[in-house]
Amino acid sequence: MTEASSGYRIAVIGSGPAAFYTAEALFKSGVADVHVDLFDRLPAPFGLVRGGVAPDHQKIKSVTRVYDKIAANDGFRFFGNVQLGRDLAVEDLNARYHHVVYAFGCESDNKLGLAGEDLDGVYAATDFVGWYNGHPDHRHHCFDLANARRVALVGNGNVAMDVARILLEDPDVLAKTDIADHALATLRASKVEEVVLLGRRGPAQAAFSPKEIEEIHAIDGVDVIVRPEDGELDALSARWLEEEGARSQQRNVNFLQERAAAAESAADSKKLRCRFLVAPTALHGADGKLAAVTIGHMQLQADDSGTPRPRATGTEEQLDVDLVFKAIGYRGEPVPGVPFEERKGIVPNIDGRVVEELGGEVRLGHYCAGWCKRGPTGLIGTNSLDAKDTVKAMLEDQAAGAVQPPTGGDVAALLAERGVDAVSWQDWQRLDEWELAQGAQRGKLRHKLASVEELMAVVRELRPA
Ligand code: NAP
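Sequential numbering of the sequence shown, starting at 3, is according to my numbering.
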């Protein structure tokens with residue numbers, strides 16, 4: 003761990019992609035003597051790359067090698083197990099850094115706002131994703147897969163694809179990944195045979211990436227089923243696709259229409275049924291347990307910008323299902339001392355400069371990057387461009403003298419004084435090696451510990467005497 007010195011000192015809150023790309027842009031900026039400290043409330047770094055990207059998507063997870071290189075810069079420090087609002091206050095950061103960058107993402111989920119949403123058997127996809135990835139916040143969840151045959155999955159973005167794939171994939175395939183042990187045990191006992199994907203718009207507006215749906219179709223024993231009527235494009239969508247549609251949307255439509263023309267396979271025992279122009283309107287239960295979902299039929303109407311939006315037709319149908327997973331997007335949560343824009347669930351900002359409220363004053367020296375800046379959209383790489391834009395604003399402000407020179411000492415001393423056991427980058431490297439070695443012994447890629455207590459116990463045990 004390098005000592006903080008007098009140079010240009012930046013605190014980044016979070017250690018996911020947006021945080022690392024912010025550090026990278028700062029180290030590459032040409033500004034001399036840059037010191038970047040990344041803080042994470044968890045002992046292990048990498049945010050959604052560790053806790054969100056699916057365990058069978060190791061190629062995507064391998065982006066951490068890029069982050070390892072960024073961490074190798076002189077002037078980089080990691081402070082894991084340190085939470086803003088618990089261990090440090092914004093004022094502590096103001097006193098110790100020229101600039102503070104919030105890159106803490108969006109950790110919660112959107113709600114449907116329907117009666118019955120709190121029934122047993124109605125789950126947030128974000129909880130399921132954190133659970134199978136061994137995220138300490140999510141290890142306590144119970145997903146009753148042993149008593150479920152048919153599952154409805156609301157929303158058809160890439161998170162829905164991850165959830166569908168994990169539910170339908172052979173557990174023996176998942177066993178070789180870094181999936182959490184508790185999740186693998188539950189998936190081995192799963193009776194889920196059918197996932198019904200509920201998209202509120204049409205096939206042209208499906209939010210999944212083509213290769214994600216194609217990957218599910220390629221799983222042995224899984225059939226992707228589209229009813230002929232669900233493969234059809236309405237006139238508005240056909241025009242919209244031709245005039246404004248991306249290549250990926252056309253590829254989705256081609257795939258879905260091919261599936262709509264194909265006969266249902268008798269050989270495949272598991273099914274992903276893609277329904278379009280449907281959205282839940284009520285969730286029904288018996289004795290507190292979900293039993294069915296009413297889905298309302300939609301039609302598309304162009305909004306002021308010409309984008310097709312769903313409107314209820316007034317007709318409905320009932321679908322008997324054992325579980326519902328809501329995959330309708332992540333949502334940001336307020337962090338103590340940091341401005342929060344309730345409607346969008348983000349840190350209010352103008353091009354990465356934090357403002358006290360929408361239309362309000364800029365908060366000198368405070369910036370944001372990634373999902374907490376723009377909302378939960380885009381792929382990992384999107385955060386690189388996003389972080390570069392934020393760093394550009396920071397450097398412009400620095401050149402214009404819009405900085406508050408720090409007056410306090412090193413944050414490491416403050417944390418030690420407060421009795422906070424911060425995880426350093428070297429601590430993490432030892433833990434990383436330990437997880438890989440434990441995984442190898444178990445015939446899997448990595449053995450993840452799923453609680454802060456267990457992670458910290460190993461971190462302490464591995465520290466040189
Ligand atoms: P998303 O892509 O925004 O998809 C959300 C889905 O929920 C959409 O289908 C949306 O429909 C639907 N929805 C929203 N509110 C709804 C409501 N009230 N009722 C019914 N449906 C509703 O979000 P996400 O899947 O959470 O993914 C977040 C980001 O992470 C995306 O950029 C995604 O590509 C990325 N990601 C990538 C990967 C990967 O590359 N493998 C994996 C996971 C996530 P509308 O389109 O009609 O709004």
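A virtual CB, placed ideally from N, CA and C, is assigned to each residue, including glycine.
Counting along the chain, the unbroken alpha helix (DSSP H) around residue 219 starts and ends at 212–219. Exclusion of the five residues before and after residue 20 leaves 105, 371, 372, 385, 389 as the residues of its chain whose Cβ lies within less than 6 Å of its Cβ.
Counting only runs that start and end inside the region 16–91, the alpha helix (DSSP H) elements of at least 4 residues fall at 19–29, 49–53, 60–63, 66–73.
Note on the region 403–428: whole alpha helix (DSSP H) runs with a minimum of 4 residues are 413–419, in chain order. Contact check for residue 100 and residue 12: beta-carbon distance about 7 Å, within the 8 Å limit, so the pair qualifies. Across the set 55, 77, 82, 23, the C-alpha of 82 shows the shortest separation from the C-alpha of residue 455. Cβ-Cβ distances below 8 Å link residue 300 to 202, 203, 279, 280, 281, 312, 313, 314, 315 in the same chain, with the five nearest sequence neighbours on each side left out; the list follows chain order.
Distances from the alpha-carbon of residue 53 to those of 181, 40, 74 put 181 closest.
Looking at the DSSP output, residue 318 bridges to 298. Ranked by how close their Cα comes to the Cα of residue 110, the residues 189, 125, 116, 121 have 125 in first place. Residue pairing of residue 355 in beta bridges, as defined by DSSP: 352, 369. Within the DSSP bridge table, the entry for residue 282 names 297 as partners. When Cβ pairs closer than 8 Å are counted between the two stretches, the region 321–332 is seen not to touch the region 249–264, the count staying below three. Boundaries of the alpha helix (DSSP H) around residue 130: 127–134.
Counted as a single uninterrupted DSSP element, the stretch harbouring residue 121 is not any beta strand (DSSP E), since DSSP gives it neither H nor E. Counting only residues of its own chain and dropping the five nearest sequence neighbours on each side, residue 448 has a CB closer than 7 Å to the CB of 180, 437, 438, 441.
By the Cβ rule, the region 88–100 counts as touching the region 395–409, because three or more pairs are nearer than 8 Å. The C-alpha of residue 343 is placed about 34 Å away from the C-alpha of residue 419. CA-to-CA, the gap between residue 452 and residue 183 works out to about 9 Å. Assigned with DSSP and collapsed to three states, residue 456 falls in helix. In this structure, DSSP gives residue 173 a helical state, which the three-state scheme calls helix. Scanning its chain for C-beta atoms nearer than 7 Å, with the 5 sequence neighbours on each side dropped, one finds no residue around residue 435.
Residue state for residue 190 is assigned as helix, using DSSP reduced to three classes.
When the alpha-carbon of residue 261 is set against those of 293, 38, 225, the nearest one is in 225. In this structure, residue 197 has its beta carbon at no less than 8 Å from each heavy atom of the ligand NAP. Of the other Cβ atoms in all chains shown, 16 or more fall within 10 Å of the Cβ of residue 24; this residue is therefore buried.
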